[in-house]
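Shown next, in structure tokens, is the structure this report addresses.
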Amino acid sequence: MVTNAQFPEQMESLRPCTQLYISIDAPTREQLKAVDRPLFPDFWERFLTCVDMLKAKRQRTVFRLTLVNGRNTEQLTKYVELV
Numbered sequence: 014m015v016t017n018a019q020f021p022e023q024m025e026s027l028r029p030c031t032q033l034y035i036s037i038d039a040p041t042r043e044q045l046k047a048v049d050r051p052l053f054p055d056f057w058e059r060f061l062t063c064v065d066m067l068k069a070k071r072q073r074t075v076f077r078l079t080l081v082n083g084r085n086t087e088q089l090t091k092y093v094e095l096v
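Counting along the sequence shown from 1, when you hit position 68 you're at 81 in the working numbering, and nothing is skipped either side.
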């Protein structure tokens, strides 16, 4: 299962699966807004909530980093902070 971490209520109720991925397309609020053009005004809070929820899952979980040179690679240390 792969998610963009925008639906915390669904992640909370998700039954265990083989692997649960969160795609991390950018390491900061500003970059995520520029890269993803989110639907929700609270997109960053939703994202962080899902990242926190991933820690509590008792199954195989993965952060999938999407790196595009010149678009979201300027702040690589911010990815480290998220992980």
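C-beta: ideal position from N, C-alpha, C; glycine also.
Whose C-beta lies closer than 6 Å to the C-beta of Gln44 among residues of the same chain, with five residues either side of it excluded? Within the sequence shown, numbered from 1, the residue matching residue 44 stands at position 31. The answer, listed in chain order, is Asn85.
Grab me the residues of Cys63's own chain with a C-beta within less than 8 Å of its C-beta, minus the 5 sequence neighbours each way, in chain order. By one-based count along the sequence shown, residue 63 stands at place 50. If we look at Cys63 and ignore the five residues flanking it on each side, its Cβ neighbours are Thr16, Ala18, Gln19, Phe20, Pro21, Met24, Ile35.
Report the CB separation of Phe76 from Val96 in whole angstroms; it is logged as a contact under 8 Å. Working through the sequence shown from its first residue, we reach residue 76 at position 63. Working through the sequence shown from its first residue, we reach residue 96 at position 83. Indeed they touch by this definition, with Cβ atoms about 6 Å apart.
For Cys30, which of Leu61, Arg71, Lys91, Glu87 has the nearest alpha-carbon? Residue numbering aside, residue 30 sits at position 17 when the sequence shown is read from its first letter. For the residues Leu61, Arg71, Lys91, Glu87, the minimum Cα distance to Cys30 belongs to Arg71.
Assigned exposure category for Asp38 - 16 Cβ within 10 Å defines buried: Position 25 of the sequence shown, counted from the first residue, corresponds to residue 38. With 16 or more other Cβ atoms within 10 Å, it is buried.
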